[in-house]
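Reading through the structure tokens given below for one structure.
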Amino acid sequence: MDTKKVLQRHRLSGNCNMVTFQLEFQVLQIETREKLSSIITDLNIIMEPMEYSELSEFASRAEEKRDLLMFFRSLHFFVEWYEYRKNTFKHFKEKYPDSVYLSEGTCSHCMEIHSASQPGFELVIVWKIQIDEEGKVFPKLDLLTKVPEQALELDKKRIIEAAPLSFRSLLEVLGIEAALDSLIKLLCVEND
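Sequential numbering of the sequence shown, starting at 863, is according to my numbering.
Laid out in structure tokens, this is it:
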């Protein structure tokens, strides 16, 4: 039986919007009389900037699985969600400049909503972009509440405690942008 094995080393550099990456990998080609097959035997992913912890964890998983297709597909969708989050936060900062705060600018993964009429009341939207084991990319939004201790004591119906779960329901019904807009209007728009 004639079997021919060829090991090729490759290096690929690229840029997907704000993420620069470099891939180093080896491809083992095995040729027999019946077929030619190729497998990746080693994959090293170097990404900059690594301020995106979600991408760091994902890159490690892609290296372990040696799955280039999953890497490129997931990177593409991660960047799309990142841009969407950035544009959405920017929109609300411009629409409600006195109520919305972005501690890290439009690239922030958190949006703070401060009540103008009720000092001390603050809602924080934490918007992470997650990548699961199969490389599927999806947003995960959570609501954190910051309220004065005195208000918590007066909240007999535990509305503040239930707010994060209610926010998730609101997201499912209205979608991201409408849910955020409703939340900001609820907390910040003065009654005329």
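Where a beta carbon is used, it is the ideal one built from N, C-alpha and C, also for glycine.
Is the distance from the Cβ of residue i to the Cβ of residue j below 7 Å?
i	j	result
residue 936	residue 993	yes
residue 964	residue 951	yes
residue 1057	residue 988	Residue 1057 lies beyond the range of the chain shown here (863 to 1054); nothing can be said about it.
residue 1049	residue 1041	no
residue 883	residue 876	yes
residue 1024	residue 1005	no
residue 934	residue 999	no
residue 1046	residue 958	yes
residue 890	residue 901	yes
residue 1039	residue 1008	no
Per DSSP, which one or two residues make a beta bridge with residue i?
i	result
residue 962	975
residue 903	Looking at the DSSP assignment, residue 903 forms no beta bridge with any residue, so it has no partner.
residue 1003	989
residue 875	884
Any idea what DSSP makes of residue i, helix, strand or coil?
i	result
residue 1029	helix
residue 949	helix
residue 941	helix
From residue i to residue j, what does the alpha carbon distance come to, in whole angstroms?
i	j	result
residue 974	residue 961	8 Å
residue 904	residue 866	19 Å
residue 944	residue 894	45 Å
residue 920	residue 932	10 Å
residue 923	residue 897	29 Å
residue 874	residue 885	5 Å
residue 967	residue 1027	27 Å
residue 1003	residue 918	20 Å
residue 817	residue 941	Since the displayed the chain opens at 863 and closes at 1054, residue 817 lies outside it and no answer follows.
residue 899	residue 909	29 Å
residue 1035	residue 978	27 Å
residue 869	residue 996	27 Å
Verify the contact flag: residue i, CB atom, against every heavy atom of the ligand GDP, threshold strictly below 6 Å.
i	result
residue 1037	This structure does not include the ligand GDP; it has no bound ligands of any sort.
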